[in-house]
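In what follows, a single structure is set out as structure tokens and then discussed.
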Amino acid sequence: MTGNRRRLDDLLRRWAASREPDAQRLDALRERAAKLVSAPDCGVCRRQPLGRLRMAAWGFAAAAVALLAVGLAWLVRGQGTQMAERPALPAGHVRPDVPAPAPAWLAPPPVDAKRELLVELQRVFEGRIAWVAETANQIRLGLNGDDAGGAALAIRLVLVQRLGDATPRPVWAVDLISDEQRLVTLPPDVTEGAEVAVWTYALPDGLLAVDGDIRWPQRSELPRAAYTGVVRPGVPQVVFQWQSDGVEYEVYQSVSVLGS
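First residue of the sequence shown? That's 27 in our numbering, and the numbers climb one at a time after it.
So, in structure tokens, the structure goes:
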């Protein structure tokens with residue numbers, strides 16, 4: 027068991043290191059900070075958190091704490107308020123005029139890393155992993171004694187905000203690893219803000235049927251995003267879209283097969 031823990035520790039350290047800002051970004055940050063401090067008209071400077079530049083440094087610690095507190099998370103379903111100002115796009119619809127933003131893609135490098143992560147976790151927990159949920163700041167696990175019997179899948183969900191012609195901005199995201207044909211329900215503390223329920227089914231032609239339900243209980247401007255449709259593995263697709271107060275929101279979903 028000690029050997030398994032050591033391998034898992036190494037894996038989580040690599041995961042945290044992959045989210046560290048590179049040396050060039052850190053040097054640029056230091057240079058900007060030095061200019062601000064030496065500026066004659068700096069005025070009253072308030073201490074501000076470094077945000078994501080420091081979040082990565084806590085990634086491993088958060089992941090380790092989450093591993094110690096492993097358990098099944100149950101979805102607490104709220105009523106939700108339908109606020110869409112226009113009908114949602116059909117599930118699986120791809121907007122040909124607007125390319126998917128980079129964060130919506132599950133390219134080969136992250137897919138390979140997730141496959142390695144799942145293999146190590148299954149080894150450590152003796153095949154009892156039901157799901158793995160990963161955000162920018164933490165990894166959370168769910169254990170279960172049964173076997174869904176399907177192939178392991180990686181699912182990326184990204185909420186994108188568009189304001190006019192400005193560059194689309196991801197405002198929420200979670201990566202989920204689970205078996206096909208397993209219903210996974212996650213509360214907001216696991217996904218950092220949303221209640222998520224996802225179920226998938228592999229079709230004979232290689233496509234995947236997906237049922238999804240996402241709610242943001244702390245953000246009244248975001249409606250419940252419930253969708254059902256067929257998706258092509260590896261291709262980000264808009265599964266839900268709406269507008270609120272002149273701001274356009276889209277939920278992108280990308281699904282990749284990790285193996286059986």
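The beta carbon of each residue, even a glycine, is placed where N, CA and C say it ideally should be. Note that the structure is predicted; figures quoted are calculated from it, not measured.
- The secondary-structure analysis by DSSP pairs GLN267 across a beta bridge with GLU276.
- Within the same chain, and ignoring the five residues on either side of LEU248 in sequence, the residues whose Cβ sits closer than 6 angstroms to its Cβ are TRP242.
- For the pair ALA180 and PRO129, the CB atoms are not nearer than the 9 angstroms cut-off.
- For ARG250, the closest of GLY285, VAL281, ALA223, LEU167 by C-alpha to C-alpha distance is ALA223.
- The alpha-carbon separation between ALA199 and ALA139 amounts to approximately 17 angstroms.
- Spanning the alpha carbons of ARG188 and THR161 requires a straight line of approximately 21 angstroms.
- Within the same chain, LEU284 come within 6 angstroms of ARG141 by CB-CB distance, once the 5 residues on both sides are set aside.
- Assigned with DSSP and collapsed to three states, THR217 falls in helix.
- Counting along the chain, ASP231 sits inside no beta strand (DSSP E), nor does DSSP assign it H or E at all.
- Annotated three-state conformation of LEU147 is helix, per DSSP.
- The C-alpha of TYR227 is placed about 23 angstroms away from the C-alpha of VAL216.
- By the neighbour-count criterion, in which a residue is buried when 16 or more other Cβ atoms sit within 10 angstroms of its Cβ, GLN269 is exposed.
- The shortest CA-to-CA distance from VAL261 to any of PRO214, GLN148, VAL281 is the one to VAL281.
- Per DSSP, TRP242 lies in no beta strand (DSSP E) and is assigned neither H nor E.
- In the DSSP assignment, GLY255 falls within the beta strand (DSSP E) that extends over 251 to 257.
- Cβ contact annotation for PHE266 (same chain, cutoff 6 angstroms, sequence separation greater than five): ALA114, ALA251, TYR253, VAL277, in chain order.
- Bounds of the beta strand (DSSP E) holding VAL210 are 210 to 212.
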